[in-house]
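Those protein sequence lines, which keep their order, are chains A and B. Sequential numbering from 24 applies to the first sequence in the working numbering. Sequential numbering from 1365 applies to the second sequence in the working numbering. Using N, Cα and C, we set each Cβ at its ideal position, and we do this for glycine too. Okay, structure first, notes after.
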Amino acid sequence: MSDGIKHRRPLSDFSLGDKPGVNWNRVKDKAFRYFGIFCTAFGLIALAIFLMDIVIRGIGRINWSFLSGMPSYLPEKAGILPAITGTLWVLVLTAIISIPIGVAAGIFLEEYGKKNRLARIIEINIANLAGVPSIIYGLLGLEIFSRMFGMGNSILAGSSTLALLILPVIIVATRESIKAVPGSLREASFGLGASKWQTIWMQVLPASSGGIVTGVILALSRAMGETAPLIIVGALAFVPFVPDSPMDEFTVMPIQIFNWVSRPQQGFIINSAAAIIVLLLVTFVMNGVALYFRNRWQKRVKW
Amino acid sequence: MRTKEKIIETVLAACAAVSILTTAGILYVLISESAGFFSQVSLVEFFTDTEWTPLFSEKHYGILPLLSGTLLTTAIAIAVALPIGLTVAIYLNQYASKKVRSTVKPLLEILAAVPTVVYGYFALMVVTPFLQKIFPEMAGFNALSAGIVMGIMIIPIISSLSEDALFAVPRSLREASYGMGATRFQTSFKVLVPAASSGIIVSVILAISRAIGETMIVAIAAGQQPNFTFNPLVPIETITTYIVQVSMGDVEHGSLGYQTIFAAGITLFAFTFILNNISFWVKKKYQEKYE
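Structural data, given as structure tokens:
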């Protein structure tokens, strides 16, 4: 759509050749083009500088004993095994809690409750929840999950909090993908005698799965990077053991990084750079996988 | 069959209702805990005292230092992100080829996918040492580098949403402007930006709301000292940092010190709630102007 606009150049691009002197309007236009290129490059160059600093500082620290070691008060002996396993636990539990609820809510809003009042209220509510800072979810998790439900500082309390945090993302992604499924598919299914739920379960959901998977992966990637809500819920900074049940106390990669970067010793700064490399690798891989699913889905489905 | 369908619908509705429970839970937690706080600290003290020292022996409960810290870092972030983000949006929409546009947009989105704790590291370890060469008197923890890095993080919010808004301006307006002999630059600022202003405003409001609620960058790089100041070179503390600081220490549950994080939290929530609703209102009111 946009290339039509791009190819039609403004009249001012064509020189009439009869005006001596400088056309200031055209100079400004050119200058702004270069400023635009500069600004676009600015963010990317800043990111590149940051990444280079991280890699230079941290890459030498990554080895097997770092990945499989326990935290320590000596930076050169410290490892990130509890943080990695904690992050994995949190991710898996968050996925188990948030995916069914989020997808079900998305189906309800798109397929069932289109016109009723409840659905409208929920819709406004979700838009509002998406704008609530993550640290507020931490306060919610602290009072409701940790104290009221007695989950304490456990992985389960942290995962439940993060599940609520990413729920709006999953709901919106589910709705968008379901919306893209054409009505003719539903009509055909109804015409063959399928019930509403059979139609959703066997036709609509498979047809929209690509978009849902993309949304879920992006949401989980966001959950993996969250630090503040888990600190509030009571995740620890120093965990010298590997958690092996959802009720265990825990730490995660971002909290480990936060802990190390807050210390004055150079050794811990190097450790935090090394841990950031690991965290960023996983984040970028997850985002890459999400993009792959989105592209494959968009290519395969031609309504 | 009928009953099964009915049961399924009820289960789905219950899942959708979880979002309402979440909102109710947030409001309940914030209001009930901060009610305990405000029964001991008057609203007048909360909003006028210029010191915030709940964890010291001489206690003051004035939110102003935390507010000034939050507003200062947010203002710096927007001062970075708004000109850059808007220029990127106009450049991608008006000047760049389709290929550049479809490559650069997802690349910029990477900036939003990086975990914020990583940005905190950048602010503290890369930006602050660099700025200290320019301002030798700058403290190791300061609002300036945290604000700048936060600004870089929210560039994609402004550039993406503003670009969408520019894209939605009907082609006839552009063509008319070009037809009058206007350059791209003139068309951008005299026609497109005014026509897309509601979308641009929404993007800026969302960016502000995001910056106010941002936690880890400021917790790592801006310091933990509640100073009532707008000097960007000295350590400050934001509302979010204070909540993290208390959560990392041992404050007894139910004590006034514990309740302060909810009083701080409800202040933060009020700000972001108002901003988000202004953005909904702007979107709704001006959305169909050109359709």
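Member of A/I107, A/V204, A/G44 whose CA lies at the smallest distance from the CA of A/A297: Considering only alpha carbons, the answer is A/I107.
Paired residues, beta bridge with A/E272 - DSSP: A/S177
Cβ-based contacts, 9 Å cut-off: residues of the region 1406–1435 of chain B near chain A: none
Nonlocal neighbours in the same chain, by C-beta distance under 8 Å from A/P266, ignoring five residues either side: P105, T108, G109, W112, I178, E272, F273
Distance, B/T1604 Cα to B/Q1496 Cα: 25 Å
Element boundaries [alpha helix (DSSP H), containing A/N4]: Outside the shown range of chain A, which is 24 to 326, sits residue 4 of chain A, and nothing can be said about it.
Cβ of A/S25 within 8 Å of any chain B Cβ: The pLDDT assigned to A/S25 is 43, lower than 50, so where the model puts this residue is not dependable; a value taken from the coordinates is nonetheless given after this. Closer than 8 Å to some Cβ of chain B, the Cβ of A/S25 qualifies, so yes.
For A/Y135, the three-state DSSP class (helix, strand or coil): Residue state, collapsed to three classes: helix.
Proximity of B/V1656 and A/A260 at Cβ, strictly below 8 Å: Any answer about residue 1656 of chain B is impossible in this case: the structure gives chain B only from 1365 up to 1655.
Cβ separation of B/P1429 and B/E1601, assumed to be a contact under 8 Å, to the nearest whole Å: 7 Å
Alpha helix (DSSP H) runs contained entirely in the region 179–253 of chain A, provided each spans 4 or more residues: 206–214, 219–222, 228–248
Sequence ranges, alpha helix (DSSP H) only - wholly within the region 1441–1515 of chain B, length at least 4: 1462–1477, 1480–1486, 1492–1498
Environment of B/P1500 [buried if 16+ CB atoms lie within 10 Å]: exposed
For A/L162, the first and last residue of its enclosing alpha helix (DSSP H): 157–164
B/Y1459 classed as buried or exposed, judged by whether at least 16 other C-beta atoms fall within 10 angstroms: buried
Chain B contact for A/I28 (CB, 8 Å cutoff): Residue confidence for A/I28 is low, a pLDDT of 47 falling below 50, so the modelled location carries little weight; the figure read from the coordinates is stated next. Yes, A/I28 lies at the interface with chain B (some Cβ there is under 8 Å from its Cβ).
Local Cβ density within 10 Å of B/S1421, reported as buried at 16 or more and exposed below that: exposed
Neighbour flag for A/S295 against chain B, beta carbons, 8 Å: yes
Proximal chain B residues relative to A/L132, where beta-carbon distance stays under 8 Å: A1380
Partner residues on chain B for A/Y135, Cβ-Cβ distance less than 8 Å: E1373, L1376, A1377
DSSP state of A/Y315 mapped onto helix, strand, coil: helix
Heavy atom of the ligand ATP within 7 Å of B/R1465 beta-carbon: Looking for the ligand ATP in the displayed structure turns up nothing, as the structure carries no ligands at all.
Segments of 4+ residues assigned as alpha helix (DSSP H) that fall wholly inside the region 1553–1581 of chain B: 1561–1577
Exposure label - A/D26; buried when at least 16 CB within 10 Å: The predicted model places A/D26 with a pLDDT of 44, which falls under 50 and marks its position as unreliable; any figure quoted below should be read in that light. With fewer than 16 other Cβ atoms within 10 Å, it is exposed.
Cβ of B/E1655 within 8 Å of any chain A Cβ: Unreliable positioning characterises B/E1655 in this predicted model, as indicated by a pLDDT of 49, which lies under 50. The coordinate reading is nonetheless provided below. Answer no: the Cβ-Cβ gap between B/E1655 and chain A never drops below 8 Å.
C-beta contact flag for B/L1475 and B/E1527 at 8 Å: Not closer than 8 Å, so no.
For A/G206 and B/A1381, the rounded distance between their alpha carbons: 26 Å
At least three beta-carbon pairs within less than 8 Å, the region 1575–1590 of chain B to the region 1423–1437 of chain B: yes
B/M1517 versus B/P1479, B/I1569, B/F1553, residue with shortest Cα-Cα distance: B/P1479
Validate contact between the region 113–132 of chain A and the region 229–244 of chain A using beta carbons, cut 8 Å, 3 pairs: With the cut-off at 8 Å, the region 113–132 of chain A and the region 229–244 of chain A touch.
Near-chain B residues of the region 196–207 of chain A - C-beta to any C-beta below 7 Å: Residues of the region 196–207 of chain A with a C-beta atom less than 7 Å from some C-beta of chain B do not occur.
Sequence ranges, alpha helix (DSSP H) only - wholly within the region 1371–1447 of chain B, length at least 4: 1407–1412
Whole-Å CB distance - B/A1453 paired with B/L1537, under 8 Å assumed: Not quite, the Cβ-Cβ distance comes to about 16 Å (not below 8 Å), so this is no contact.
Residue span of the alpha helix (DSSP H) that contains A/G81, given as start and end: 47–81
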